[in-house]
Amino acid sequence: MSQQSPVVVIVGGGFGGLAAARALKKAPVEVILIDRNNHHLFQPLLYQVATSVLAPGQIGSPIRSILRNNENTTVILGDVTGVDTAARNIFVSDADRTGVPISYDYLILATGVQHSYFGHDEFEKYAPGLKSLADAVAIRNKILRAFEQAEAEEDPSRHKELLTFVLVGAGPTGVEMASAIAVMVRGSLKREFRRIDPTSARIVLVDMATRPLGTFAPELSEAAKRRLTRLGVEVRLGHGVDLIDEQGAVVEGERISSKTVIWAAGVAPSPAGKWLNTETDRAGRVRVKGDLTVPNHPEIFVIGDTASLDQDGKPLPGVAQVAMQQGRYTGNLIHRGVAGKPSPSPFRYFDKGNLAVVGKGFAILQSGKVRLSGFPAWVVWVAVHLEFLAQSSLRVSVFVQWVWTYVTGQRGSRLIVKHHGD
Ligand SMILES: Cc1cc2nc3c(=O)[nH]c(=O)nc-3n(C[C@H](O)[C@H](O)[C@H](O)COP(=O)(O)OP(=O)(O)OC[C@H]3O[C@@H](n4cnc5c(N)ncnc54)[C@H](O)[C@@H]3O)c2cc1C
731 MSQQSPVVVI VGGGFGGLAA ARALKKAPVE VILIDRNNHH LFQPLLYQVA
781 TSVLAPGQIG SPIRSILRNN ENTTVILGDV TGVDTAARNI FVSDADRTGV
831 PISYDYLILA TGVQHSYFGH DEFEKYAPGL KSLADAVAIR NKILRAFEQA
881 EAEEDPSRHK ELLTFVLVGA GPTGVEMASA IAVMVRGSLK REFRRIDPTS
931 ARIVLVDMAT RPLGTFAPEL SEAAKRRLTR LGVEVRLGHG VDLIDEQGAV
981 VEGERISSKT VIWAAGVAPS PAGKWLNTET DRAGRVRVKG DLTVPNHPEI
1031 FVIGDTASLD QDGKPLPGVA QVAMQQGRYT GNLIHRGVAG KPSPSPFRYF
1081 DKGNLAVVGK GFAILQSGKV RLSGFPAWVV WVAVHLEFLA QSSLRVSVFV
1131 QWVWTYVTGQ RGSRLIVKHH GD
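Just so we're aligned: the sequence shown equals residues 731 to 1152 in my numbering.
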């Protein structure tokens, strides 16, 4: 690598950042990818870690291992805390240093989103959200511990609150979690307890929207709702939670006593908009131009969940496909630029379709005019998720685990893992 190679700094090794790094593999540039975690995380399967199907190591891979063949790329573990757009520096903090500057010629911000409690941050203490592996393990601990506590509890009047699970948000995460808990209580847990009946667990899914999985066509939402009901999930729509505290949640004035409330409702973007001091949309995502750059900064790109771009009058959704396509586009654009080739036409998202799983052997699929629900959609769901896992070793291990779980009902990782300080 020559001293003069332009430096491309990528912040975030999620779907967008990784796709950009991969697209720059053969470009005559020096790539520095910085992430606060040492691993790329396959977030669509986080709920399976939270519900004990998969182990954390099956949905995450070290970023430096994924990019080991990208000889122009250095991976750095660190937390980016700001950008000086005039000096073209970003600032990185790690275990024992704060605000270390790193210079860039091109900057790609792909920092994703974080939880949002819609102004009720006090809910967070009682209702953890699902965004990282640590969150998934904490939720897994919480769910498994509720059954253990109920088995140990002599007073049957306390069983009800211990065996009531409330999920706030009926988007894909809430629906997938609720149905996975329902399958778990009727499957692997059913015969293992003596004092309690795990199948008596109450699972409540709450959303202020009037149908679950609202980004899908109404008939698919309806199919998902029927399936949830058949699995024993209580679907309460049209009203959000009024309150969440240590006793549970209050919905439409009714107190639902529960030791396990899980937040699957809102997300807020990373602070990239503040770092750049640029225009954001109402949700706080950075408004980007058609080539995914920030106005007045042709050298700064914002992609994935952190970016806001309208296509055909509608904002692009915060999904993995958008992030990956934007990452590839940005990497190619920079590669062409340094090679002296003209820029490509503005970014256009190609929507391959959406999938959501509702319990064992059932999913919904919407792709163009195709609408499918049931087992065939579930087979597509399995194939797509295996395809997009970051490494072949994960594909093999997840596939074997799914076959085992499907056939035997047994889950792969039902451990309560205590951390120091728990
Ligand atoms: C539970 C859950 C389920 C989902 N299910 C689906 C699904 O089924 N289908 C689908 O298409 N999408 C799904 N999504 C959404 C999908 O995961 C996101 O759209 C996608 O991850 C966005 O990619 P990204 O690159 O923008 O951000 P991310 O993949 O979130 O990556 C952001 C990266 O930036 C790093 N980072 C953040 N801030 C900093 C910082 N300050 N310094 C250093 N590093 C930083 C993070 O550690 C992370 O690695 C789901 C999301 C969640 C949370």
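Heads up, the beta-carbon is just placed ideally off N, CA and C, and yes, glycines get one too.
- Note that the stretch 996-1010 touches the stretch 840-847; at least 3 beta-carbon pairs, one per stretch, sit closer than 8 angstroms.
- Separation of Tyr-1136 and Gly-1067 (C-alpha to C-alpha, rounded to the nearest whole angstrom) is 49 angstroms.
- C-alpha of Trp-1111 to C-alpha of Ala-1086: approximately 8 angstroms in a straight line.
- Taking C-beta atoms as the reference points, Pro-942 and Ala-900 count as a pair closer than 7 angstroms.
- Glu-760 is positioned such that its CB atom lies no closer than 7 angstroms to that of Val-741.
- Secondary structure note for His-1027: its beta strand (DSSP E) is the uninterrupted segment 1027-1032.
- Taking the Cα of Leu-1095 as reference, the smallest distance to any Cα among Tyr-836, Asn-1026 and Ala-1113 is reached at Ala-1113.
- The secondary-structure analysis by DSSP pairs Leu-973 across a beta bridge with Val-980.
- Taken from the Cβ of Gly-1048, at least one heavy atom of ligand 1 lies inside 6 angstroms.
- Judged by DSSP in its simplified three-state form, Arg-941 adopts coil rather than helix or strand.
- The nearest non-hydrogen atom of ligand 1 is 6 angstroms or more from the C-beta of Gln-1121.
- Distance from the C-beta of Val-1130 to the nearest heavy atom of ligand 1 is not below 6 angstroms.
- Shortest gap from the CB of Arg-766 to any heavy atom of ligand 1: under 6 angstroms.
- Judged by DSSP in its simplified three-state form, Thr-929 adopts helix.
- Here Ala-868 has Pro-858 as same chain residues with Cβ atoms under 8 angstroms from its own Cβ, once five neighbours each way along the sequence are excluded.
- Under the three-state reduction of DSSP, Asn-1062 is assigned to helix.
- Between ligand 1 and Phe-745, a heavy atom-to-CB distance of less than 6 angstroms is present.
- For Gln-778, the enclosing alpha helix (DSSP H) covers residues 776-780.
- The alpha-carbon separation between Phe-946 and Lys-1071 amounts to approximately 40 angstroms.
- Cβ neighbours of Lys-855 within its own chain (closer than 6 angstroms, five residues either side excluded): none.
- Counting along the chain, no beta strand (DSSP E) covers Phe-946, and no H or E run does either.
- Excluding five sequence positions before and after Lys-1082, the CB atoms of its chain that fall closer than 8 angstroms to its own CB belong to Gln-1051 and Ser-1097, given in chain order.
- Taking C-beta atoms as the reference points, Gly-1142 and Ala-785 count as a pair closer than 7 angstroms.
- Under the 10 Å beta carbon count, Asp-937 is surrounded by 16 or more other beta carbons and is classified as buried.
- Taking a C-beta distance under 7 angstroms as the contact criterion, Ile-974 and Phe-853 qualify as a contact pair.
- Within the model, the alpha-carbon separation for Leu-874 versus Leu-1145 is close to 8 angstroms.
- Nearest neighbour of Pro-758 by Cα position, chosen from Ser-951, His-1065, Ala-995 and Ser-918, turns out to be His-1065.
- Annotation for Val-1126 indicates a beta carbon at 6 angstroms or more from all heavy atoms of ligand 1.
- When only Cα atoms are considered, His-1150 and Lys-872 end up about 16 angstroms apart.
- In this structure, Val-810 has its beta carbon less than 6 angstroms from a heavy atom of ligand 1.
- Between Leu-754 and Gly-1061 the beta-carbon gap is near 4 angstroms, inside 8 angstroms, which marks them as a contact.
- In chain order, Ile-740, Ile-838, Gly-1057, Thr-1060 and Gly-1061 place their CB closer than 6 angstroms to the CB of Ala-750, counting only its own chain and leaving out the 5 sequence neighbours on each side.
- The three-state secondary structure of Arg-1017, taken from DSSP, is strand.
- DSSP lists Ile-933 and Thr-990 as the bridge partner or partners of Phe-895.
- Within the model, the alpha-carbon separation for Arg-798 versus Glu-976 is close to 46 angstroms.
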